[in-house]
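*Asks:* Protein sequences, first through last, are from chains A and B. For the first sequence, our numbering assigns the number 1 to the initial residue and increments by one for each residue that follows. For the second sequence, our numbering assigns the number 467 to the initial residue and increments by one for each residue that follows.
Protein chains: 2
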Amino acid sequence: MASMASLHLKTTAPQPHSFSNLQKPYSSATLSLPFSRRTAPLTRSTTRISASLIDPDGGKLVELFVGESERESKLKQASELPRITLSKIDLQWVHVLSEGWASPLKGFMRESEFLQTLHFNSLRLENGSLVNMSLPIVLAIDDAQKNRVGSSDSVALVDDRDDVVAVLSSIEIYKHNKEERIARSWGTTAPGLPYVEEAITNAGNWLIGGDLEVLNPVRYNDGLDRFRLSPAQLRDEFERRNADAVFAFQLRNPVHNGHALLMTDTRRRLLEMGYKNPVLLLHPLGGYTKADDVPLSWRMKQHEKVLEDGVLDPETTVVSIFPSPMHYAGPTEVQWHAKARINAGANFYIVGRDPAGMSHPLEKRDLYDADHGKKVLSMAPGLERLNILPFKVAAYDKTQNKMAFFDPSRAQDFLFISGTKMRTLAKNKESPPDGFMCPGGWEVLVEYYDSLALSDNGRVPEPIPA
Amino acid sequence: MASMASLHLKTTAPQPHSFSNLQKPYSSATLSLPFSRRTAPLTRSTTRISASLIDPDGGKLVELFVGESERESKLKQASELPRITLSKIDLQWVHVLSEGWASPLKGFMRESEFLQTLHFNSLRLENGSLVNMSLPIVLAIDDAQKNRVGSSDSVALVDDRDDVVAVLSSIEIYKHNKEERIARSWGTTAPGLPYVEEAITNAGNWLIGGDLEVLNPVRYNDGLDRFRLSPAQLRDEFERRNADAVFAFQLRNPVHNGHALLMTDTRRRLLEMGYKNPVLLLHPLGGYTKADDVPLSWRMKQHEKVLEDGVLDPETTVVSIFPSPMHYAGPTEVQWHAKARINAGANFYIVGRDPAGMSHPLEKRDLYDADHGKKVLSMAPGLERLNILPFKVAAYDKTQNKMAFFDPSRAQDFLFISGTKMRTLAKNKESPPDGFMCPGGWEVLVEYYDSLALSDNGRVPEPIPA
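#1: Output the distance between the C-alpha atoms of residue 537 (chain B) and residue 749 (chain B), rounded to the nearest integer angstrom.
#2: Would you say residue 337 (chain A) reaches chain B, if we count a Cβ-Cβ gap shorter than 9 Å as a contact?
#3: What is the C-beta distance between residue 782 (chain B) and residue 733 (chain B), in whole angstroms, given that I count them as a contact (C-beta under 8 Å)?
#4: What are the partner residues of residue 634 (chain B), as DSSP defines its beta bridges?
#5: If we define contact as Cβ-Cβ less than 9 Å, is residue 130 (chain A) a contact residue for chain B?
#6: List, in order along the chain, the chain B residues whose C-beta lies closer than 7 Å to that of residue 376 (chain A)?
#7: Counting only Cβ-Cβ distances shorter than 7 Å, please list the residues of the segment 70-98 of chain A near chain B, keeping chain order.
#8: For the candidate residues A:420, A:424, A:433 and A:130, whose alpha-carbon lies nearest to that of residue 403 (chain A)?
#9: List the whole-angstrom C-beta distance separating residue 632 (chain B) from residue 680 (chain B), where the pair is believed to meet the contact cut-off of C-beta under 8 Å.
#10: Between the beta-carbon of residue 319 (chain A) and the beta-carbon of residue 209 (chain A), is there less than 9 Å?
#11: Where does residue 138 (chain A) fall in DSSP's three states?
#12: Tell me whether residue 373 (chain A) is buried or exposed, calling it buried when 16 or more other Cβ atoms sit within 10 Å of its Cβ.
#13: State yes or no: is the beta carbon of residue 176 (chain A) nearer than 9 Å to at least one beta carbon in chain B?
#14: Does the distance from the C-beta atom of residue 295 (chain A) to that of residue 449 (chain A) stay below 9 Å?
#15: Check the C-beta distance from residue 672 (chain B) over to residue 644 (chain B) and give it rounded, since I have them as a contact under 8 Å.
#16: Tell me which residues share the same chain as residue 522 (chain B) and place their Cβ nearer than 6 Å to its Cβ, disregarding the 5 neighbours each side in the sequence.
#17: Can you pull the chain B neighbours of residue 126 (chain A), defined as C-beta to C-beta under 7 Å?
#18: Is there a C-beta anywhere in chain B that falls below 9 Å from the one on residue 187 (chain A)?
#19: Below 7 Å on C-beta distance, what does residue 838 (chain B) contact in chain A?
#20: Distance check for residue 598 (chain B) and residue 849 (chain B), CA to CA, integer angstroms please.
#21: Is the CB-CB distance between residue 711 (chain B) and residue 743 (chain B) below 9 Å?
#22: May I ask you to list the residues that DSSP assigns as paired with residue 279 (chain A)?
#23: Nearest to residue 878 (chain B) by CA position, among B:890, B:862 and B:887, is which residue?
#24: Report the option in B:778, B:697 and B:759 whose CA atom is closest to the CA atom of residue 724 (chain B).
#25: Comparing the C-beta of residue 359 (chain A) with each C-beta of chain B, is any distance below 9 Å?
#26: List the DSSP bridge partners of residue 206 (chain A).
#27: Do you know whose CA, among A:386, A:376 and A:359, lies nearest residue 349 (chain A)'s CA?
#28: Using DSSP's beta-bridge definition, name the partner residues of residue 862 (chain B).
#29: With a cut-off of 8 Å, do at least 3 Cβ pairs link the segment 559-567 of chain B to the segment 580-589 of chain B?
#30: Sort B:600, B:577, B:596 and B:576 by Cα distance to residue 587 (chain B) and report the nearest one.
#31: For a cutoff of 9 Å on Cβ pairs, would you count residue 447 (chain A) as touching chain B?
#32: Would you report the Cα separation of residue 557 (chain B) and residue 653 (chain B), rounded to the nearest angstrom?
#33: Curious, which full-length beta strand (DSSP E) runs of at least 3 residues does the segment 317-366 of chain A contain?
#34: Can you find a C-beta in chain A that's less than 9 Å from the C-beta of residue 765 (chain B)?
#35: Of the residues B:596, B:896, B:610 and B:531, which one's Cα is nearest the Cα of residue 549 (chain B)?
#36: Relative to the alpha-carbon of residue 824 (chain B), which residue among B:847, B:596 and B:795 has its alpha-carbon at the smallest distance?
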């Protein structure tokens, strides 16, 4: 669906001498295979700075795991604290925070961070510099929970089986003005915003911020945990592959050959610019998505087929799951998507038309101007170090029977296959034009819509946080 | 109504040697008297940098007046351009822009400035630095006007008598997404926001940005133009007075003795810090205000009485009118109020509880948390150079029969006189407690509410942009 219009580079291409560190074989790989996930306990607040990869926001990657030696005493301490039960989406944010996707954030936001996020989409660090932070990462509690917390300085965060996940300490409780949060994050308060209905409308009227220490790393046991590489693990993987450029592609849809064309072409352009080994981070979002998006498990099956079919080169592609929930907050959210990938080592970010956009819940129009995401991203405070790679709509070229960069001088040769059209075809078990998507990938989609028809009369299921 | 809690200083007190420039008598005063307004044509894009006062945003004050020598040819050029008729509020914004209150903005915002304002409350300059800009300063046009503009690169801006006020050139027309603008600026889209109803709801669906050149400076001919000092004129006045600190007090209400106490006490504290001659900029807002605010002309009468009665020292006080319209956008707007005063030479800004706040239009609560304005202001990008002076609520001390800093240890001694109570007293021609407001100032208020009762059965008038 996309071709890259141009490369807007904020850095010049590297000179050969800057590669010297990368020529050494990577010797301390804790991750021996791509797609495997380290299960050994992580140390808390680990500092990792790669000599070659882009620095994490704030200079160091913030990991919030309690070390093995402290774990017993922390668990004991936690057992005596007031308990807050986390929703599935809350758990996804614990996951996000714990691995440092939101570095330098050290836990759920306190009020000063919340206000800076809402008003400035950035946080000021102690040294005066700004890091990007466009979406509130907050934990809501209700009056009863607030009363239970009382004057305690810390709380235990527990899952739905009452097992302790983490401790939140030096807490601050402040008002959750939902209307203001929604208006400033989405630019609308219209009813029908998926994340709002799922996670805000019925949430408590208070927010609780503090320092997070995770005792039990979040696992989903859905067969996909091996794909959930942390920023530190991704950085290790990129170094192991001697990547001198990492370009991230955020997605929450099946990959078709237009995407593949774009990604392949991006690598070609980066090579032309002088990079020796640009690596693609194909990074499907794994947290909460709305009901009519294709669920993560099916998307991952589809992505695997695309790699198997050789549409993308496995040698220069890392497929991993980005654990964040989806807000569908357009220009505000795309900053979060980009910022989190800096923390994972990406210095190039591919942005499409209307990123993180959706239809207006009430009006017959897109909620956001299709160009605003790209524009806002390119001007966002704290993202100056990231190279933004915008791309235009691509389409199916009927003269070549394949996806190609759209050429407006022969518009009649191109066929636009929208997401809706793609879904309709798959639901009806019809085939898209040859060359739109690799056959193995298409079969997965047909199978998914088949499963819906069998299970639920074709209705899309309720949203299930992955 | 207010006492100052503490001084949060971002700069240290000046050392004696830094005063040397100020000891010289000011020799080139174009403004010989306070409160007189220079009427000679201003030169375009004048650069003024005071050696002692805080630098304007972007380093130089941007004035957008066409010089006398170019005026005839510009008028001729304007006569051939498509014409856009300005509303009264549009004219107020032309006034604001033309004098450099919004420096370094050079005209109504183009889309990149609009987006940065909505998302980041700041604008990035070419050198990479940020200046604060929290409210969109935009000009809306409708479909018919857009069609009339056609492919013209410039338009003439005219007043309601069709007289040319200004030329807008290198124009850019882009979509006016009102819902998104309102949501991101106010943090709500509830119907009943005064500025929204006055200036946005019925405005056109397009915004037109460009470079502004003002041919006829905006005048109101209401007897108050002499109080409308531009930032350049204020800077001249502060230099003439050898001010080594300027503290600004934004207001849109009558001044009572609580305000006076605060301002006097601020000067005392600044003197204690080592400043030799702190000057107060008492700066009532003169643009659009909502219907139940006391109109500018009555407020100015009241402020004059306060100065006459000696409640404030005329030697160290400059009273001038800030020409901006009022948004009632709380934490978002207070940044604009502060930023504009930097451009006028103020390096200290007094911020009260719930600045620029109002009641929620639908719900029984204040629209904004009373502390958010102060907090947001203290963290806002681009305002790092400004010293924020927060103050707490003050009250009438019954034991002393005067306004005093509220002392919670003897709360029973204090009487809180709200704006509503003050209005009710004045409407009923009752007197407030002795020492609440100087008698001359109180008489003005009684006279105002009297005039309402006579003219319109006591109903507050429709809002009239001053």
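For every residue, glycine included, the Cβ atom is placed at its ideal position computed from N, Cα and C. Being a predicted model, the structure only gives us computed values, none of them experimental.
*Replies:* Checking against the coordinates, here is how it stands:
#1: In the second sequence, residue 537 (chain B) corresponds to position 71, counting from 1. In the second sequence, residue 749 (chain B) corresponds to position 283, counting from 1. Going by the C-alpha atoms only, they are around 31 Å apart.
#2: Numbered from its first residue, the first sequence carries residue 337 (chain A) at position 337. Judged by the 9 Å Cβ criterion, residue 337 (chain A) is not in contact with chain B.
#3: The sequence position of residue 782 (chain B) within the second sequence is 316, counting from 1. The sequence position of residue 733 (chain B) within the second sequence is 267, counting from 1. Going by Cβ atoms, the distance from residue 782 (chain B) to residue 733 (chain B) rounds to 6 Å, so yes, they are a contact pair.
#4: Translated into positions along the second sequence, residue 634 (chain B) becomes position 168. Note: residue 634 (chain B) sits in a beta bridge opposite B:621 and B:678.
#5: For this step, residue 130 (chain A) is matched to residue 130 along the first sequence. Closer than 9 Å to some Cβ of chain B, the Cβ of residue 130 (chain A) qualifies, so yes.
#6: If you number the first sequence from 1, residue 376 (chain A) lands on position 376. Neighbours of residue 376 (chain A) in chain B, taken as residues at a C-beta separation under 7 Å, are given in chain order as 581 and 585.
#7: none
#8: Mapped onto the first sequence, residue 403 (chain A) falls at position 403. Comparing Cα-Cα distances from residue 403 (chain A) to each of A:420, A:424, A:433 and A:130, the minimum goes to A:433.
#9: Here residue 632 (chain B) refers to the residue found at position 166 when the second sequence is read from its first residue. Here residue 680 (chain B) refers to the residue found at position 214 when the second sequence is read from its first residue. With a Cβ gap of about 4 Å, residue 632 (chain B) and residue 680 (chain B) count as contacting.
#10: Translated into the one-based positions of the first sequence, residue 319 (chain A) becomes position 319. Translated into the one-based positions of the first sequence, residue 209 (chain A) becomes position 209. Going by C-beta atoms, residue 319 (chain A) is not nearer than 9 Å to residue 209 (chain A).
#11: Your numbering for residue 138 (chain A) matches position 138 in the first sequence. Reduced to three states, the DSSP call for residue 138 (chain A) is coil.
#12: Taking the first sequence and counting its residues from 1, the one referred to as residue 373 (chain A) is at position 373. By the neighbour-count rule (16 or more Cβ atoms within 10 Å), residue 373 (chain A) is buried.
#13: Indexing the first sequence from 1 puts residue 176 (chain A) at position 176. No - not a single Cβ of chain B is within 9 Å of the one on residue 176 (chain A).
#14: In the first sequence, residue 295 (chain A) corresponds to position 295, counting from 1. In the first sequence, residue 449 (chain A) corresponds to position 449, counting from 1. No. Outside cutoff.
#15: Reading the second sequence from its first residue, position 206 is the one you call residue 672 (chain B). Reading the second sequence from its first residue, position 178 is the one you call residue 644 (chain B). Not quite, the Cβ-Cβ distance comes to about 11 Å (not below 8 Å), so this is no contact.
#16: As a first step, residue 522 (chain B) is located in the second sequence; it is residue number 56 there, counting from the start. Once the five neighbours on either side are set aside, the close Cβ partners of residue 522 (chain B) are 569 and 809.
#17: Numbered from its first residue, the first sequence carries residue 126 (chain A) at position 126. Going along chain B, no residue has its Cβ under 7 Å from residue 126 (chain A), so there is no contact; the nearest lies around 13 Å.
#18: Sequence index remark: in the first sequence, residue 187 (chain A) carries index 187 (1-based). Yes, residue 187 (chain A) lies at the interface with chain B (some Cβ there is under 9 Å from its Cβ).
#19: Counting from 1 along the second sequence, the entry for residue 838 (chain B) is found at position 372. Here the neighbours are 115.
#20: Your numbering for residue 849 (chain B) matches position 383 in the second sequence. Your numbering for residue 598 (chain B) matches position 132 in the second sequence. Rounded to the nearest angstrom, the two C-alpha atoms are 6 Å apart.
#21: As a working mapping, residue 711 (chain B) is identified with position 245 in the second sequence. As a working mapping, residue 743 (chain B) is identified with position 277 in the second sequence. Result yes, Cβ atoms of residue 711 (chain B) and residue 743 (chain B) sit closer than 9 Å.
#22: Reading the first sequence from its first residue, position 279 is the one you call residue 279 (chain A). DSSP lists A:246 as partners of residue 279 (chain A).
#23: To locate residue 878 (chain B), count along the second sequence from 1; it is residue 412. Looking at the Cα atoms, B:862 is the closest of the given residues.
#24: For the purposes of this step, residue 724 (chain B) is taken as the residue at position 258 of the second sequence. That would be B:778, whose Cα lies nearest to the Cα of residue 724 (chain B).
#25: Position 359 of the first sequence, counted from the start, is the residue given in the question as residue 359 (chain A). Residue 359 (chain A) does not count as touching chain B.
#26: Reading the first sequence from its first residue, position 206 is the one you call residue 206 (chain A). DSSP lists A:141 and A:175 as partners of residue 206 (chain A).
#27: The sequence position of residue 349 (chain A) within the first sequence is 349, counting from 1. Taking only the C-alpha atoms, the option nearest residue 349 (chain A) is A:386.
#28: Sequence index remark: in the second sequence, residue 862 (chain B) carries index 396 (1-based). According to DSSP, which records beta bridges pairwise, residue 862 (chain B) is partnered with B:869 and B:881.
#29: no
#30: Position 121 of the second sequence holds residue 587 (chain B). Checked all of B:600, B:577, B:596 and B:576; the closest Cα to residue 587 (chain B) is B:600.
#31: Start at 1 with the first residue of the first sequence, and residue 447 (chain A) comes out as number 447. So, not an interface residue.
#32: Counting from 1 along the second sequence, the entry for residue 557 (chain B) is found at position 91. Counting from 1 along the second sequence, the entry for residue 653 (chain B) is found at position 187. Distance between the alpha carbons of residue 557 (chain B) and residue 653 (chain B): 26 Å.
#33: 317-319 and 348-351
#34: Position 299 of the second sequence, counted from the start, is the residue given in the question as residue 765 (chain B). It does not: the Cβ of residue 765 (chain B) has no partner Cβ on chain A nearer than 9 Å.
#35: On the second sequence, position 83 is the one that residue 549 (chain B) refers to. Of the listed residues, the one whose Cα sits closest to residue 549 (chain B) is B:610.
#36: Translated into the one-based positions of the second sequence, residue 824 (chain B) becomes position 358. Looking at the Cα atoms, B:795 is the closest of the given residues.
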